[in-house]
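A.B. asks: Protein chains in written order, with numbering that gives the first Met the number 0: chain Y, 0 to 337; chain C, 0 to 319. Glycine residues also receive a C-beta, built at the ideal position from the N, C-alpha and C atoms. If you scroll down you'll find the structure; I have some questions about it.
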Amino acid sequence: MTSHVLVGVAGAIPEPLLRAQSVAGKFFLMFFAIALFAVVFGLVLLIASLFKGKTGERFQGVLFAGPAVLLLAVGLMYPAILTIIQSFRGKSGEGSFSVENYQQMFTEPELLLVLRNTAIWVILVPFIATGVGLVYAILIDRARGEAFSKALIFLPMAISMVGASIIWKFVYQYKQTSRPQIGLLNAILKALGFETQQFLINAPLNTFMLIIVMVWIQAGFAMTVLSAAIKAIPDEILEAAKLDGVQAFKMFRFITLPSIRPALVVVITTIGIGTLKVFDIVRTMTGGQFDTSVVANEFYNQSFRYDAGGLGAALAVLLFVLVIPIVVYNIFQMRKEA
Amino acid sequence: MSTLEPIAMPEKVSSEMEHTTGAPEKKGRRKKSAAGDAARAISSPWASVAAIVIAVLWTIPTIGLLVTSFREQRAINTSGWWTSFSDPGAYTLENYRQALAPGSSASLSQYFINTIVITIPAVLLPLFLASLAAYAFAWMPFPGRDALFVAVFALQIVPLQVALIPLLDIYVSRLGIGASYWSVWLSHTIFALPLAVFLIHNFMRELPAELMEAARVDGAGHVTIFFRILLPLLTPALAAFGIFQFLWVWNDLLVSLVFLGGTPDVAPITVRVAELSGSRGSAWYLLSAGAFISMIVPVAVFLALQRYFVRGLLAGGLKG
């Protein structure tokens, strides 16, 4: 029933309010949207302020929380439920109930490869990125030019994964060994007397080359959070340990590491979740070809390129299911610390 | 930042921001840290060498592409960028001119504008909606409040991939806003809400209840309290989330790709650059300039807002 009402709305939106060709038109649309939003919320708040007394107050609460809750229900919960249903309705997502998509996911060699790649990503990226971040945070702690040193590692976090992919694609650029090299990595190989490599085409090497890009992006995040955790260790503990003549390595192993454990858990799990959903890097660098696809990329390809909406939905649900244990682990660890 | 949907607490966010600038280092004696001591004690020169090696490894790839973006088209494809330092006179702005020139087929300017038009409302909308909701969840009693808050909190774990296809269907066939800015504004808002409500709610609960009670006694309604008292106090939290959301939206590929496709009317620069990387993978003169055009704003905004944010933090005093 609501859908009919909405179809009515659809026809009512005039084209100039949907799209614009000119720069002025685009900015007009932007300001129009912001103004419309402001007017609607001005009205909502005006109505809210009219309600008085105990009952009125409750109604105000509903008006304040309502828009966000409504958007989440219609825009996230409802679609998520539809996707789950779709994943059980065959390859196209429109047939009758079956577990075909899930069966296919765990039996078809191509999809098994996707699962294997995703596993490699999720195992390697969080630990390498956190390891590099931790080592770097320790090395530069209280050193001269600390802020600058941090910025160097942290800046990759501010740029898009598309930009990062372009940067690294150029590092990996391939030319035949006999020709002058323009990619840094192959130039180094050639200088050392090796054959140049097609880093993005040769499997399974290429998956690891893509993983390097993600590590490059995430190490800064790990470094920043861990550095803050290291600085938060109380002086007294350190002084006491030093008076007792504790060695540097033991100090790290028995004082620093346990003190920053909660931060380590947060960093590793957060990067793990981010890695699980990695899409931009794979899509920009290889498009998932040459055996490099991962679940998030395969979801996109199946849904939008191969017209297999059901299989795509199943892959999305798989992502969802894989995120849950990481989050649960995270919550448990936090409880334990608290 | 683009991948991260941090489950971080506000203090995590704040410490992160504070320590990346490093600017407002507290005066007084320099604190020793166990780890720093450890590094120094192992052997200081080696620690420095290791730090420098990591720093160089992390910087060289970007420098390589940056240098390339200023080289002539022919030179890029015939010699390595590191050879260009011997002839500094050969650098040119031609690649950027071509990438920005209006009207040319290679032009990115339209896409750049699309990115701006997409990003600004997609940051403002969730900030405002989430603040309102967070206020209700923190300070207004209404039936089912706690259950609703837990539900919103739990939605943080839903990967947006799970919602994309049905949402696209809703936009196209029910609302008639397919392939328009409206679809991405709405989507970015929806996907940002769980984390935003959670972060801002946490921050609001830190504020003293007496503040609200005093205002109530003076006869102020919720609307007045929200705008006059809370919003100003919330600036640090809003700035923190604003930076996250800004970087997220500006750098996003997936959401725009799904809802907008690649048309110059609406598609953002990330979509276009990714597309160029596939279709014209050896046009490095264009790719290098394009990549840096897409990066300059987030890097600048990040560095600038960071300072603002730290100041707000130190003045507002988050969590003692």
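Could you tell me if Y/Tyr-305 is buried or exposed, where buried requires 16 or more neighbouring beta carbons within 10 angstroms of its beta carbon?
C.D. replies: Here the question's residue 305 of chain Y lines up with position 306 in the first sequence. Classification for Y/Tyr-305: exposed.
A.B. asks: Round the Cβ separation of C/Ala-268 and C/Thr-114 to the nearest angstrom and send it over; I've been treating them as touching at under 8 Å.
C.D. replies: Mapped onto the second sequence, residue 268 of chain C falls at position 269. Mapped onto the second sequence, residue 114 of chain C falls at position 115. One point to set straight first is that residue 268 of chain C is Ile, not Ala, in the sequence displayed. Indeed, because the Cβ distance is near 5 Å, the residues count as touching under 8 Å.
A.B. asks: Using the beta-carbon of each residue, which ones in chain C are nearer than 8 Å to Y/Gly-311?
C.D. replies: For this step, residue 311 of chain Y is matched to residue 312 along the first sequence. Going along chain C in sequence order, the residues near Y/Gly-311 (Cβ under 8 Å) are Ile-164.
A.B. asks: Assign Y/Glu-297 to one of two classes, buried (16 or more other C-beta atoms within 10 Å of its C-beta) or exposed (fewer than that).
C.D. replies: What you label residue 297 of chain Y is simply residue 298 of the first sequence in a count that begins at 1. Burial call: buried.
A.B. asks: Three-state secondary structure (DSSP) at C/Arg-215?
C.D. replies: For the purposes of this step, residue 215 of chain C is identified with residue 216 of the second sequence, where counting begins at 1. If DSSP states are grouped into helix, strand and coil, C/Arg-215 belongs with the helices.
A.B. asks: Spell out whether any CB of chain C is found under 8 Å from the CB atom of Y/Pro-66.
C.D. replies: Start at 1 with the first residue of the first sequence, and residue 66 of chain Y comes out as number 67. Answer yes: the Cβ-Cβ gap between Y/Pro-66 and chain C drops below 8 Å somewhere.
A.B. asks: Could you check where the alpha helix (DSSP H) with Y/Ser-86 kicks off and where it finishes?
C.D. replies: Here the question's residue 86 of chain Y lines up with position 87 in the first sequence. Per DSSP, Y/Ser-86 belongs to the alpha helix (DSSP H) from 77 to 86.
A.B. asks: If I measure Cβ to Cβ from Y/Gln-85 and keep anything under 7 Å in the same chain, skipping five residues before and after, which residues do I get?
C.D. replies: To locate residue 85 of chain Y, count along the first sequence from 1; it is residue 86. The residues are Gly-92, Gly-308, Gly-309 and Ala-312.
A.B. asks: Does Y/Lys-51 come out as helix, strand or coil in the three-state DSSP assignment?
C.D. replies: Taking the first sequence and counting its residues from 1, one reaches residue 51 of chain Y at position 52. Correct three-state label for Y/Lys-51: coil.
A.B. asks: Considering only residues of the same chain and omitting the five flanking positions on each side of C/Val-171, which have a CB-CB separation below 7 Å?
C.D. replies: Along the second sequence, read from residue 1 onward, the residue named residue 171 of chain C stands at position 172. Around C/Val-171: Gly-177.
A.B. asks: Decide yes or no for the touch test of the segment 280 to 293 of chain Y against the segment 95 to 106 of chain Y: beta carbon pairs closer than 8 Å, at least 3 of them.
C.D. replies: As far as the Cβ criterion goes, the segment 280 to 293 of chain Y does not touch the segment 95 to 106 of chain Y, which means the pair count is below three.
A.B. asks: Rounded C-beta distance between Y/Ala-34 and C/Trp-184? I'm assuming under 8 Å.
C.D. replies: Along the first sequence, one-based indexing puts residue 34 of chain Y at 35. Along the second sequence, one-based indexing puts residue 184 of chain C at 185. Actually they are not in contact, since the Cβ atoms of Y/Ala-34 and C/Trp-184 sit about 13 Å apart, beyond 8 Å.
A.B. asks: Going straight from the alpha carbon of C/Ala-162 to that of C/Val-265, what length do you get?
C.D. replies: Counting from one through the second sequence, the residue named residue 162 of chain C turns up at place 163. Counting from one through the second sequence, the residue named residue 265 of chain C turns up at place 266. Their Cα atoms are separated by approximately 21 Å.
A.B. asks: For C/Leu-203, which residues in chain Y fall below 9 Å Cβ to Cβ?
C.D. replies: The count along the second sequence starts at 1 and reaches residue 203 of chain C at position 204. It should be pointed out that residue 203 of chain C corresponds to Met in this sequence rather than to Leu. Chain Y residues near C/Met-203: none, gap ~12 Å exceeds 9 Å.
A.B. asks: C/Val-272 touches chain Y at which residues, Cβ-Cβ below 7 Å?
C.D. replies: The sequence position of residue 272 of chain C within the second sequence is 273, counting from 1. Within chain Y, the residues near C/Val-272 are Val-161 and Ile-165.
A.B. asks: Straight-line CA distance for Y/Gln-217 to Y/Val-121?
C.D. replies: In the first sequence, counting from the first residue as 1, residue 217 of chain Y sits at position 218. In the first sequence, counting from the first residue as 1, residue 121 of chain Y sits at position 122. Each residue's Cα considered, the two are about 13 Å apart.
A.B. asks: Considering Y/Leu-237, what are the terminal residues of the alpha helix (DSSP H) in which it resides?
C.D. replies: Residue numbering aside, residue 237 of chain Y sits at position 238 when the first sequence is read from its first letter. That run of the alpha helix (DSSP H) goes 234 to 242.
A.B. asks: Determine the chain Y residues that contact C/Thr-58 at a beta-carbon separation under 8 Å, and present them in chain order.
C.D. replies: The residue you call residue 58 of chain C lines up with position 59 of the second sequence. The contacting residues are Leu-151.
A.B. asks: Leaving out the 5 sequence neighbours to the left and right, which residues in its chain are closer than 8 Å to C/Ile-59 when beta-carbon positions are compared?
C.D. replies: Residue mapping note: residue 59 of chain C aligns to position 60 of the second sequence, counting from 1. Excluding positions up to five away in sequence, the list is empty.
A.B. asks: What is the residue span of the alpha helix (DSSP H) that Y/Glu-99 lies within?
C.D. replies: The sequence position of residue 99 of chain Y within the first sequence is 100, counting from 1. That run of the alpha helix (DSSP H) goes 99 to 104.
A.B. asks: Would a check of beta-carbon distances place C/Pro-142 closer than 8 Å to chain Y?
C.D. replies: Here residue 142 of chain C refers to the residue found at position 143 when the second sequence is read from its first residue. Taking Cβ atoms only, chain Y reaches closer than 8 Å to C/Pro-142, which makes this a yes.
A.B. asks: May I ask whether a heavy atom of the ligand PLP can be found less than 7 Å away from the beta carbon of C/Leu-304?
C.D. replies: Of ligands this structure carries none, so the ligand PLP is not represented either.
A.B. asks: Please name the residue, chosen from Y/Ser-226, Y/Ile-139, Y/Tyr-173 and Y/Leu-318, that lies closest to Y/Asn-201 on a Cα-to-Cα basis.
C.D. replies: In the first sequence, residue 201 of chain Y corresponds to position 202, counting from 1. Among Y/Ser-226, Y/Ile-139, Y/Tyr-173 and Y/Leu-318, the Cα nearest to that of Y/Asn-201 belongs to Y/Tyr-173.
A.B. asks: Starting from C/Ile-156, find everything on chain Y with Cβ-Cβ shorter than 7 Å and list it in chain order.
C.D. replies: Position 157 of the second sequence, counted from the first residue, corresponds to residue 156 of chain C. Those within 7 Å of C/Ile-156 in chain Y are Val-322, Ile-323 and Val-326.
A.B. asks: Quick one: any contact between the segment 277 to 284 of chain C and the segment 34 to 43 of chain Y, if contact means 3 or more CB pairs under 8 Å?
C.D. replies: Too few Cβ pairs lie closer than 8 Å, so no.
A.B. asks: Starting from C/Thr-91, trace the alpha helix (DSSP H) both ways and give me its first and last residue.
C.D. replies: Working through the second sequence from its first residue, we reach residue 91 of chain C at position 92. Looking at the DSSP string, C/Thr-91 is not in any alpha helix (DSSP H), and its letter there is neither H nor E.
A.B. asks: Helix, strand or coil for Y/Asn-201? Go by DSSP, reduced to three states.
C.D. replies: Walking along the first sequence from the start, residue 201 of chain Y turns up at place 202. Coil, per DSSP.
A.B. asks: Going straight from the alpha carbon of Y/Gln-20 to that of Y/Pro-13, what length do you get?
C.D. replies: Start at 1 with the first residue of the first sequence, and residue 20 of chain Y comes out as number 21. Start at 1 with the first residue of the first sequence, and residue 13 of chain Y comes out as number 14. About 15 Å.
A.B. asks: Taking the beta carbon of C/Val-216 as the centre, do at least 16 other beta carbons fall within 10 Å, making it buried, or is it exposed?
C.D. replies: Looking up residue 216 of chain C in the second sequence gives position 217. C/Val-216 is exposed by the Cβ-count criterion.
A.B. asks: Whole angstroms is fine: what's the gap from C/Asp-86's alpha carbon to C/Thr-77's?
C.D. replies: Translated into positions along the second sequence, residue 86 of chain C becomes position 87. Translated into positions along the second sequence, residue 77 of chain C becomes position 78. Straight-line Cα distance between these residues: approximately 15 Å.
A.B. asks: If contacts are defined as beta-carbon pairs under 8 Å, then Y/Val-134 and C/Val-272 qualify, I think. What distance do you get, rounded to the angstrom?
C.D. replies: The residue given as residue 134 of chain Y occupies position 135 in the first sequence. The residue given as residue 272 of chain C occupies position 273 in the second sequence. Y/Val-134 to C/Val-272, Cβ: 32 Å. No contact.
A.B. asks: Taking buried to mean at least 16 other C-beta atoms within 10 Å of its own C-beta, is Y/Leu-183 buried or exposed?
C.D. replies: Taking the first sequence and counting its residues from 1, the one referred to as residue 183 of chain Y is at position 184. So Y/Leu-183 ends up on the buried side.
A.B. asks: Excluding five sequence neighbours on each side, which residues of the same chain lie with their C-beta closer than 8 Å to the C-beta of Y/Glu-145?
C.D. replies: What you label residue 145 of chain Y is simply residue 146 of the first sequence in a count that begins at 1. The answer, listed in chain order, is Ile-139.
A.B. asks: Check distances from the C-beta atoms of the segment 69 to 86 of chain C to those of chain Y and list, in chain order, the residues that come in under 9 Å.
C.D. replies: Listed by position, the residues of the segment 69 to 86 of chain C near chain Y (Cβ gap below 9 Å) are Ile-75, Asn-76, Thr-77, Ser-78, Gly-79, Trp-80, Trp-81 and Thr-82.
A.B. asks: Tell me, to the nearest whole angstrom, how far the beta carbon of C/Ala-98 is from that of C/Leu-92; I am working on the premise that it is less than 8 Å.
C.D. replies: As a first step, residue 98 of chain C is located in the second sequence; it is residue number 99 there, counting from the start. As a first step, residue 92 of chain C is located in the second sequence; it is residue number 93 there, counting from the start. Actually they do not touch by this definition, with Cβ atoms about 10 Å apart.
A.B. asks: Counting only Cβ pairs nearer than 9 Å, list the residues of chain C close to Y/Tyr-135.
C.D. replies: By 1-based counting over the first sequence, the position of residue 135 of chain Y is 136. Neighbours of Y/Tyr-135 on chain C, chain order: Ala-49, Ala-50, Ile-53, Ala-54 and Trp-57.
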